[in-house]
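Residue numbers (the working numbering): 23 to 948.
Contents: one structure, followed by commentary.
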RNA sequence: GCGAGUGUGACUGAGAGGCCAAAAGUGACCGACUCAAGAUCGGUUCUCGCAGGAGUUCGCAGGUUCGAAUCCUGCCACUCGCACCA
């Protein structure tokens, strides 16, 4: 083997590609694809690599097909993560420092500067660009920007002005997880404990006790009609507190929580739980009820006091039963208020008894509570005397009633506790005010998105259901922040625009990004953008011609053709950007398609930077070469499937590329003569061109590689086998080389660029014309003949395998014409059952008698066992089987090592000769 | 829990009612070439079989059909999402 220095080769290519992929509007049809821009807070790993390499393969493919391709890239730096990172590094946090120093290999001097968040993103943006280039990504880097560039901020302000004017941004209150210590809302990833916790909305049912209220929290306000008592924990000390001036009795924890939920709370005195036991409270809807002691009451849960509905709540039922079994409170009877199919008067009792639960501590209690809850919610109705509403309806109407007439309030609480912030402190539910929302819940907005979604091309098609559901499910999105990097809300500059919300239509920005940097930000007024993106009247501007040109460029590129992104973004970014597009742009500028990717695994485990389970892309390129990394990443699975990076598999990909390189280099010396095998090879090649093209049009990179690489390799194998020994191959190889290099160029552009040059190709292969299959080069009869030969050899080999005695000769007996006739008739027949009768109508054949009947049966069998394409071809071509074998006799003799004779089956005396069928000659070893 | 998806031979994966014992790649084993290793090339890789065949397989259990990896039902397992975050 004579391999080049791939590292050197890559360097030369990168040099040749410098500025080669900068795209400008031309007379050609365009193809605009974008990928979600990265948030550069760390080094790229091979998972990121695939995210950008797959689109690059697509970009290179369309470029070679003559499209003007735009593949831009920018960096998303708005938001809070880098601020957290810089703080942690400033604080000397070991874990953060280890990650950046050891895994991401940030030099110590640079790391020191990471106390400034912008330094982090600047460092990694540059690194991203360097590594992306090293991967051979055909990006137009002139358009690079970051989301904190002043021009971009102007663009965001323009967009938000429209969203605001369009009525898509509303102000409201919003419960969030909040850490008082950090004085900030906390997201899932900021939690030490309780990351699954959801905020639930409880109704506080206000029971009167002396001059105060005892609020009990419930998710089932409709059960107020069945309250028999309250529960208090006698071992807990409660407080009497003035809540918005009104005295409430709640747990100490509850008092603190309420203070975060829009209440002013002043604690006045402590009240031991035990002193509340046996007190009487009252409520308009259930009258006077006693307070009973119960150990299960958790002071950390909502108000720390609960109402008891033993007929419908298993916990309440069991707690009451336990007390009554000790002879206490025996006068209390459960009060039934809901009827549910499948349960008796007291569903809680039924459920407990069915499950055979005897104690409050039984672990199944939560499960059966859920069971009763769900059953009643799904199919329960209030008793007729209470109005007969469904539980679903009653829950709404009763809570409205309680709020309006009975001083009830809402209280938010987590469904799972404890919830602990990364800083170690307890997290509370806080109601944020003045929060701005994108009103994704707006049915009219949703409807426009849904309608557009129908017109979009989604790859793979299975994701459509998920998009539809997401559009349906999206609620209002809190779109402003107090902390982080970003653009300020134009009409309320105390707020920053939230980072997902500022990244929804930036694909439009790319189209003119390289021109926009020439403008001072203050000149980029809304009127300018209105002209550029919406075609409104062009404002007066000293550089009006420039603006006109930019408008033209935008119109050339937009809308984008495909957006590529990982599947985890379906439920936010990918759907958000559709909402924003329909809100801002006219129909003609709405996105055309999306391609959704699978996730990456490393040696079978999920890739995760925080767990250190990553393989850096730059290391991979250094170790294996960029082409190897590319070919592995696009070839191991289709884009939407998850892929698994395993070093040993990657190494074998490298060998494949080396093999490819050598094969092509060897073709340079091949003579120009065309043999039968050459014609066959060229004929086959047309199919591979066709199939590769189709696969890439459908983004099936793996399938494309299957055709463009392995299928061609396997043809070459047969081709070489068919060559007379010692010959180096013929004229087909030159054509093959030229086609093959181009088919592989999108995937392994470095190697192909080099080979293109070596084989005398003109210019860059990156811009060479994509091969087109030529009908005139396809010879069906030859392909069928070779197919017959291959199949026969396969049969011969399988016989040889089981043969014990060494044969001295081989006869191949060709089926007679009448059998070929029968075969054709069988193959053409539509109705399989009638075939026999129809064929036997033929005088000539009927004379054959039993042999004919037998042959019909065998042919029927054979026709169904052969690939339809072959049968079809057989019907279309006039195949002279005997000639095929005669011309391949040398080849057969060489393969089997015995003399071969080819005879007509009817001339052979051997009984086995009768077995001969079309496409399946009798094989006789003697 | 809810929603969307996936389960194929040692592994990655094609296959979407008869072309299917199931493509291709990888790995493993054997052979050729080598002093040797690597690379390369040829062969084998579910079980049985002295004639191109037969048997048992495609998460599990049923069902539809002349016929099921493929269609239907149930179960099990895995992946992703469930938001204030990139």
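Just so it is clear, CB atoms sit at the ideal spot from N, CA and C, and this is done for glycine as well.
Would you report the Cα separation of residue i and residue j, rounded to the nearest angstrom?
i	j	result
residue 502	residue 529	22 Å
residue 571	residue 540	14 Å
residue 410	residue 243	15 Å
residue 555	residue 531	9 Å
residue 173	residue 550	12 Å
residue 305	residue 448	34 Å
residue 381	residue 316	13 Å
residue 890	residue 163	50 Å
residue 12	residue 631	Shown here, the chain extends from 23 to 948; a query on residue 12 therefore has no answer.
residue 652	residue 131	33 Å
residue 196	residue 303	33 Å
residue 598	residue 523	8 Å
residue 260	residue 474	56 Å
residue 137	residue 166	25 Å
residue 126	residue 65	5 Å
residue 492	residue 191	19 Å
residue 932	residue 839	19 Å
residue 640	residue 892	48 Å
residue 545	residue 187	22 Å
residue 119	residue 617	36 Å
With residue i as the anchor, note down where its alpha helix (DSSP H) starts and where it stops.
i	result
residue 413	413-427
residue 531	528-532
residue 150	139-156
residue 839	839-850
residue 818	802-824
residue 645	639-646
On a CA-only basis, which of the options is nearest residue i? Give me that one, please.
i	options	result
residue 802	312, 704, 386	704
residue 534	516, 544, 553	553
residue 956	442, 714, 268, 38	This structure leaves residue 956 out entirely; the chain is present only between 23 and 948.
residue 264	274, 256, 255, 258	274
residue 940	680, 841, 887	841
residue 875	844, 898, 888, 895	844
residue 912	924, 662, 903	924
residue 207	85, 798, 740, 500	500
residue 919	278, 349, 733, 822	822
residue 39	900, 248, 836, 785	785
residue 286	838, 194, 485, 270	270
residue 471	348, 603, 517, 439	603
residue 899	800, 726, 245	800
residue 438	668, 461, 323, 781	323
residue 383	337, 781, 712, 321	337
residue 643	116, 158, 106	158
residue 938	318, 744, 94, 904	904
For the beta strand (DSSP E) that residue i lies in, which residues bound it at each end?
i	result
residue 201	191-201
residue 667	665-667
residue 457	450-460
residue 270	268-273
residue 54	52-57
residue 926	922-926
residue 545	Residue 545 -> no beta strand (DSSP E), and no H or E assigned at all.
residue 305	302-305
Pop quiz: residue i and residue j are said to be a contact at Cβ under 8 Å. What is the actual Cβ separation, rounded to whole angstroms?
i	j	result
residue 788	residue 808	Residue 788 to residue 808, Cβ: 35 Å. No contact.
residue 664	residue 626	That pair is no contact at about 10 Å.
residue 331	residue 252	Between residue 252 and residue 331 the Cβ distance is about 11 Å, and since that is not below 8 Å, they are no contact.
residue 198	residue 235	Not a contact, Cβ separation roughly 27 Å.
Legend entry - Touch test, the stretch 629-637 against the stretch 65-73, Cβ-Cβ under 8 Å, three pairs minimum: yes
Inset, instruction - Check whether the stretch 75-90 touches the stretch 716-736, taking contact to mean three or more Cβ pairs, one atom from each stretch, closer than 8 Å. - result: yes
Inset, instruction - Could you say if the stretch 284-302 and the stretch 353-361 meet the contact criterion of at least three C-beta pairs nearer than 8 Å? - result: no
Legend entry - Three CB pairs or more closer than 8 Å across the stretch 683-698 and the stretch 753-762: yes
Legend entry - Cβ contact (3+ pairs, closer than 8 Å) linking the stretch 92-99 and the stretch 50-61: yes
Legend entry - Cβ pair count under 8 Å reaching 3, the stretch 45-52 against the stretch 601-620: no
Inset, instruction - For the stretch 763-774 and the stretch 728-745, state whether three or more C-beta atom pairs, one from each stretch, are separated by less than 8 Å. - result: yes
Inset, instruction - Indicate whether the contact test is met: 3 or more Cβ pairs, each with one atom in the stretch 445-464 and one in the stretch 416-436, closer than 8 Å. - result: yes
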